[in-house]
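Asker: Below are the structure tokens for one structure; questions will follow.
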Amino acid sequence: MSKGLTKRSENYSQWYNELVVKADLAENSAVRGCMVIKPYGYAIWEKMQSVLDNMFKETGHSNAYFPLFIPKSFFGKEAKHVEGFAKECAVVTHYRLKNSDEGIVVDPDAKLEEELIVRPTSETIIWNTYKNWIQSYRDLPILVNQWANVVRWEMRTRFFLRTTEFLWQEGHTAHATREDAVKETKQMINVYADFAENWMGFPVIIGTKTDSERFAGAVETYAIEALMQDGKALQSGTSHFLGQNFAKAFDVKFLTKDNKEEYVWASSWGVSTRLMGALIMAHSDDKGLILPPKLAPTQVAIVPIFKNKEQLDAIREKVDSIMADLKAKGVTVHFDDRDTQRPGFKFAEYEMKGYPVRIAVGPRDLENNTFEVARRDTLEKNVVPADGIVDEVISLLDEIQNNIYAKANERLINNTVKIDDYEVFKKHMKETPGFVMAHWDGTEETEARIKEETKATIRCVPLDVEPEEGTCMVTGKPSKGRVLFAKAY
RNA sequence: CGGGGUGUAGCGCAGCCCGGUUAGCGCGCCUGGUUUGGGACCAGGAGGUCGGGAGUUCGAAUCUCCCCACCCCGACCA
Numbered sequence: 005m006s007k008g009l010t011k012r013s014e015n016y017s018q019w020y021n022e023l024v025v026k027a028d029l030a031e032n033s034a035v036r037g038c039m040v041i042k043p044y045g046y047a048i049w050e051k052m053q054s055v056l057d058n059m060f061k062e063t064g065h066s067n068a069y070f071p072l073f074i075p076k077s078f079f080g081k082e083a084k085h086v087e088g089f090a091k092e093c094a095v096v097t098h099y100r101l102k103n104s105d106e107g108i109v110v111d112p113d114a115k116l117e118e119e120l121i122v123r124p125t126s127e128t129i130i131w132n133t134y135k136n137w138i139q140s141y142r143d144l145p146i147l148v149n150q151w152a153n154v155v156r157w158e159m160r161t162r163f164f165l166r167t168t169e170f171l172w173q174e175g176h177t178a179h180a181t182r183e184d185a186v187k188e189t190k191q192m193i194n195v196y197a198d199f200a201e202n203w204m205g206f207p208v209i210i211g212t213k214t215d216s217e218r219f220a221g222a223v224e225t226y227a228i229e230a231l232m233q234d235g236k237a238l239q240s241g242t243s244h245f246l247g248q249n250f251a252k253a254f255d256v257k258f259l260t261k262d263n264k265e266e267y268v269w270a271s272s273w274g275v276s277t278r279l280m281g282a283l284i285m286a287h288s289d290d291k292g293l294i295l296p297p298k299l300a301p302t303q304v305a306i307v308p309i310f311k312n313k314e315q316l317d318a319i320r321e322k323v324d325s326i327m328a329d330l331k332a333k334g335v336t337v338h339f340d341d342r343d344t345q346r347p348g349f350k351f352a353e354y355e356m357k358g359y360p361v362r363i364a365v366g367p368r369d370l371e372n373n374t375f376e377v378a379r380r381d382t383l384e385k386n387v388v389p390a391d392g393i394v395d396e397v398i399s400l401l402d403e404i405q406n407n408i409y410a411k412a413n414e415r416l417i418n419n420t421v422k423i424d425d426y427e428v429f430k431k432h433m434k435e436t437p438g439f440v441m442a443h444w445d446g447t448e449e450t451e452a453r454i455k456e457e458t459k460a461t462i463r464c465v466p467l468d469v470e471p472e473e474g475t476c477m478v479t480g481k482p483s484k485g486r487v488l489f490a491k492a493y
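The first sequence begins at 5 in my numbering and counts up one residue at a time.
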């Protein structure tokens with residue numbers, strides 16, 4: 005059995021699955037479509053979580069927690085919302101088991117009066133709660149975020165990208181005016197874009213969703229779209245302007261300064277463990293993960309090369325002060341003194357797990373007062389003088405973060421093209437993966453036809469492109485600007 | 001839910017078509033030794049309801065029927 009990964013060119017999806025499993029991130033659970041996130045995978049998630057959580061708090065939000073179960077009737081209150089989620093809900097119907105001749109069975113006497121839905125998202129139960137929290141303009145805005153698990157009963161699942169249960173955060177805000185809610189919605193999509201670019205190390209396209217792709221119950225959905233290495237798009241975060249839809253559905257009104265009764269304006273926004281999938285697919289190579297230093301649970305692995313305890317002790321002594329120095333400067337380091345694995349094995353293991361920097365120290369280095377420093381992104385190795393190693397590592401981590409982004413950015417630029425002719429578009433979508441900017445007449449029919457014929461969808465209507473008059477590549481009708489097409493996950 | 005496929009040791013598989021000793025192989029695991037600067041080597045060892053049930057047969061991993069589970073491709077989706 006090969007110890008490496010399937011080559012990406014052979015089968016991208018198999019490569020991805022192997023990567024997740026072999027890098028020790030996750031595995032299948034006993035429950036179909038659910039995954040076990042293993043400690044190393046979870047450490048990455050925790051890191052992402054803590055950075056995002058800070059960003060939310062810096063923008064004025066607080067964390068709270070709402071119930072896992074939602075009474076079925078709550079879902080019926082917002083028509084579009086229920087339509088969007090009805091097909092994929094896990095439903096609790098009973099509250100007790102009992103012994104019988106056939107073993108443990110659901111007790112038919114323990115049927116719930118009203119079924120409970122395991123939350124696929126929390127708008128309904130949160131707005132049912134906000135109703136009690138809001139009476140006056142003085143109660144607004146409410147800026148709350150929740151870290152939680154949600155369940156969506158999808159037909160097909162894939163590690164991190166689409167699992168039956170997943171972890172996420174969902175922000176739910178309430179505002180006195182439309183302008184405030186819109187401002188919040190836009191602010192949060194920018195927070196996500198900032199996180200993607202400055203932490204996860206890849207560029208994203210910010211835009212709005214078309215009618216057919218919009219969140220069920222939203223007036224406007226903003227999304228960030230990233231380009232993966234196989235040329236497919238991954239929706240990596242969304243922020244929804246909900247208008248007064250949920251306020252009306254749950255009857256959440258407030259009194260304005262001049263004593264008028266009005267419905268509350270809302271936003272909701274979220275990112276999930278899908279970001280882990282994005283991180284993995286955006287950067288990894290056939291040797292394993294490549295993690296951006298800012299999100300790597302451990303940034304530096306130190307591998308001692310020794311034959312006996314005396315040599316290990318000598319190395320340890322040499323390394324101790326450097327480790328203390330690195331830690332003092334905020335660098336996370338692991339000294340791998342296991343004598344149960346050989347150095348070659350450890351090298352391969354840290355590559356698989358995507359540690360940004362690896363330092364090897366052996367007798368030869370002790371003699372020469374050097375270290376061997378290897379970087380994961382380029383796989384380059386250099387023997388460097390021991391003096392100044394700390395600064396060297398710190399600037400290297402910085403450089404790796406920048407290089408990873410630069411590579412991803414270059415890929416995005418190289419794989420984004422403008423196309424005006426539908427025949428060219430069809431051919432392109434078949435042969436060349438990536439983003440296409442094209443004119444569209446703005447109708448659902450045309451969008452559906454393109455999806456039908458090419459499997460490409462409109463990922464978003466990008467915000468920061470210059471308006472450009474043109475004609476729809478399919479129908480020839482007028483278009484006010486290009487939209488972003490791609491095949492998506 | 002439609003189409004295709006797979007269930008044999010912890011993991012990956014061969015054996016099945018054409019029934020016949022004690023069911024094999026690679027990886028992993030354990031022990032001992034030699035090793036240790038890129039996934040070590042040698043020797044020994046442990047580990048199996050052959051997915052489940054029924055049937056055919058002197059005899060079933062192998063043939064027949066039923067059931068179950070999982071995977072891939074669609075539809076759906078963050």
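Here a beta-carbon is modelled for each residue, glycine too, at the ideal position from N, C-alpha and C.
Measure the beta-carbon distance from Ala27 to Lys357 and round it to whole angstroms, keeping in mind my assumption that it falls under 8 Å.
Answerer: Here residue 27 is taken as the residue at index 23 of the first sequence, counted from 1. Here residue 357 is taken as the residue at index 353 of the first sequence, counted from 1. Contact flag correct, Cβ pair sits at about 5 Å.
Asker: Return the bridge partner residues of Lys422 from the DSSP annotation.
Answerer: In the first sequence, counting from the first residue as 1, residue 422 sits at position 418. DSSP output for Lys422 lists Met441 as bridge partner(s).
Asker: Go through its chain and collect everything with a Cβ distance to Thr475's Cβ below 7 Å, but skip five positions before and after it.
Answerer: Here residue 475 corresponds to residue number 471 of the first sequence, with the count starting at 1. Here the set comprises His443, Lys481, Pro482 and Ser483.
Asker: Whose C-beta lies closer than 7 Å to the C-beta of Ser6 among residues of the same chain, with five residues either side of it excluded?
Answerer: By one-based count along the first sequence, residue 6 stands at place 2. Caution applies to Ser6, whose pLDDT of 48 falls short of 50 and renders its modelled position unreliable; the value that the coordinates give is listed next. Excluding sequence neighbours, Ser6 sits near nothing in its chain.
Asker: In three-state DSSP terms, what is Gly88?
Answerer: Here the question's residue 88 lines up with position 84 in the first sequence. Note: Gly88 maps to helix in three-state DSSP.
Asker: Please work out which residues of its chain come closer than 8 Å, Cβ to Cβ, to Lys115, disregarding the five sequence neighbours upstream and downstream, and give them in chain order.
Answerer: Counting from one through the first sequence, the residue named residue 115 turns up at place 111. Closer than 8 Å at the Cβ level, and outside the excluded window around Lys115, lie Thr97 and His98.
Asker: Between which two residues does the beta strand (DSSP E) harbouring Ser104 extend?
Answerer: Residue numbering aside, residue 104 sits at position 100 when the first sequence is read from its first letter. Leu101 to Ser104 is the extent of the beta strand (DSSP E) around Ser104.
Asker: What residues match up with Cys93 in a beta bridge as DSSP calls it?
Answerer: Indexing the first sequence from 1 puts residue 93 at position 89. Bridge partners of Cys93: none, in fact.
Asker: For Asp369, does the three-state DSSP call read helix, strand or coil?
Answerer: Against the first sequence, residue 369 aligns to sequence position 365. Three-state DSSP puts Asp369 in a helix.
Asker: Who are the near neighbours of Ala300 in its chain, counting only those whose CB is closer than 8 Å to its CB and skipping five residues on each side?
Answerer: Residue mapping note: residue 300 aligns to position 296 of the first sequence, counting from 1. Taken in chain order, the residues that qualify are Ile48, Lys51, Thr336, Gly358, Tyr359 and Pro360.
Asker: Which residue's Cα is closest to the Cα of His338: Ile326, Ile306, Gly438 and Asn32?
Answerer: Counting from 1 along the first sequence, the entry for residue 338 is found at position 334. Checking every option, the nearest Cα to that of His338 belongs to Ile306.
Asker: Return helix, strand or coil for Ser6, following the three-state DSSP convention.
Answerer: To locate residue 6, count along the first sequence from 1; it is residue 2. Caution applies to Ser6, whose pLDDT of 48 falls short of 50 and renders its modelled position unreliable; the value that the coordinates give is listed next. DSSP places Ser6 in coil when its eight states are reduced to three.
Asker: I need the DSSP call for Leu488, collapsed to helix, strand or coil.
Answerer: On the first sequence, residue 488 is found 484 positions in, with the first residue counted as 1. If DSSP states are grouped into helix, strand and coil, Leu488 belongs with the strands.
Asker: On the DSSP letters alone, give me the boundaries of the alpha helix (DSSP H) that Tyr134 sits inside.
Answerer: Locating residue 134 in the first sequence gives position 130, counting from the first residue. From DSSP, the alpha helix (DSSP H) with Tyr134 extends over Glu127 to Trp137.
Asker: Give me whichever residues DSSP pairs with Trp269 in a beta bridge.
Answerer: Working through the first sequence from its first residue, we reach residue 269 at position 265. Looking at the DSSP assignment, Trp269 forms a beta bridge with His179.
Asker: To the nearest angstrom, how far is the alpha carbon of Gln173 from that of Ser276?
Answerer: Within the first sequence, numbered from 1, the residue matching residue 173 stands at position 169. Within the first sequence, numbered from 1, the residue matching residue 276 stands at position 272. When rounded, the distance between both Cα atoms is 6 Å.
Asker: Quick check on Ile309: does DSSP put it in helix, strand or coil?
Answerer: Numbered from 1 along the first sequence, position 305 holds the residue referred to as residue 309. Reduced to three states, the DSSP call for Ile309 is coil.
Asker: Given a cut-off of 8 Å on the beta-carbon distance, is the pair Ala253 and Lys81 in contact?
Answerer: Along the first sequence, read from residue 1 onward, the residue named residue 253 stands at position 249. Along the first sequence, read from residue 1 onward, the residue named residue 81 stands at position 77. Yes, the Cβ-Cβ distance between Ala253 and Lys81 is below 8 Å.
Asker: Which residue from Gly438, Arg342, Lys422 and Ser399 puts its Cα closest to that of Arg415?
Answerer: Start at 1 with the first residue of the first sequence, and residue 415 comes out as number 411. Looking at the Cα atoms, Gly438 is the closest of the given residues.
Asker: Buried or exposed: Ile108, going by 16 or more other Cβ atoms within 10 Å of its Cβ?
Answerer: Residue numbering aside, residue 108 sits at position 104 when the first sequence is read from its first letter. Exposed, since its Cβ has fewer than 16 Cβ neighbours within 10 Å.
Asker: With distances taken from CA atoms, which of Val478, Ala490 and Trp19 is nearest Ala460?
Answerer: Working through the first sequence from its first residue, we reach residue 460 at position 456. Ranking Val478, Ala490 and Trp19 by Cα distance to Ala460 puts Ala490 first.
Asker: Give me, in chain order, the residues of the same chain whose beta-carbon lies closer than 6 Å to that of Phe170; leave out the 5 immediate sequence neighbours on both sides.
Answerer: As a first step, residue 170 is located in the first sequence; it is residue number 166 there, counting from the start. If we look at Phe170 and ignore the five residues flanking it on each side, its Cβ neighbours are Ser276 and Thr277.
Asker: Using the rule of at least 16 other Cβ atoms within 10 Å of the residue's Cβ for burial, across every protein chain shown, is Arg142 buried or exposed?
Answerer: On the first sequence, residue 142 is found 138 positions in, with the first residue counted as 1. Arg142 is exposed by the Cβ-count criterion.
Asker: What did DSSP end up calling Trp157 once you bin it into helix, strand or coil?
Answerer: Numbered from 1 along the first sequence, position 153 holds the residue referred to as residue 157. If DSSP states are grouped into helix, strand and coil, Trp157 belongs with coil.
Asker: Taking the DSSP output, what are the residues bridged to Ala30?
Answerer: One-based indexing of the first sequence puts residue 30 at position 26. Its beta-bridge partners are Ile41.
Asker: Can you tell me which of the three DSSP states Phe254 falls into?
Answerer: Locating residue 254 in the first sequence gives position 250, where the first residue counts as 1. The answer is coil: DSSP assigns Phe254 none of H, G, I, E or B.
Asker: At 4 residues or longer, what runs of the alpha helix (DSSP H) sit wholly inside the stretch 207-254?
Answerer: Here the runs fully enclosed are 249-253.
Asker: Residues in the same chain with beta-carbon distance under 7 Å from Glu4, minus the five sequence neighbours each way, listed in chain order, please.
Answerer: Nothing about residue 4 can be read from this structure; the chain reaches only from 5 to 493.
Asker: Quick one: is Arg346 buried, meaning 16 or more other Cβ sit within 10 Å of its Cβ, or exposed?
Answerer: Position 342 of the first sequence, counted from the first residue, corresponds to residue 346. So Arg346 ends up on the exposed side.
Asker: Tell me the residue span of the alpha helix (DSSP H) that contains Gly65.
Answerer: Your numbering for residue 65 matches position 61 in the first sequence. Here residue 65 is His; the residue named in the question, Gly, does not match the sequence. Run containing His65: none; DSSP gives neither H nor E here.
Asker: Report the three-state DSSP secondary structure of Gly474 (helix, strand or coil).
Answerer: Residue 474 sits at position 470 when you count from the first residue of the first sequence. Residue state, collapsed to three classes: strand.
Asker: For the stretch 71-78 against the stretch 123-132, are there 3 or more C-beta pairs whose distance is under 8 Å?
Answerer: Yes: the two stretches touch, three or more of their Cβ pairs being nearer than 8 Å.
Asker: What does the alpha-carbon distance come out to for the pair Gly88 and Lys455?
Answerer: Taking the first sequence and counting its residues from 1, the one referred to as residue 88 is at position 84. Taking the first sequence and counting its residues from 1, the one referred to as residue 455 is at position 451. Cα to Cα, the separation comes out at about 19 Å.
Asker: If you draw a straight line from the alpha carbon of Ser272 to that of Ala220, how long is it in whole angstroms?
Answerer: Sequence index remark: in the first sequence, residue 272 carries index 268 (1-based). Sequence index remark: in the first sequence, residue 220 carries index 216 (1-based). Straight-line Cα distance between these residues: approximately 12 Å.
Asker: Let's see if you can read the secondary structure: which residues bound the alpha helix (DSSP H) around Thr450?
Answerer: On the first sequence, residue 450 is found 446 positions in, with the first residue counted as 1. Note, Thr450: alpha helix (DSSP H), Glu448 to Thr458.
Asker: Under 8 Å by Cβ, that's how I've got Trp1 and Thr168 pegged, so tell me the actual separation to the nearest angstrom.
Answerer: What the structure shows of the chain is the stretch from 5 to 493, and residue 1 is not part of that stretch, so it cannot be assessed.
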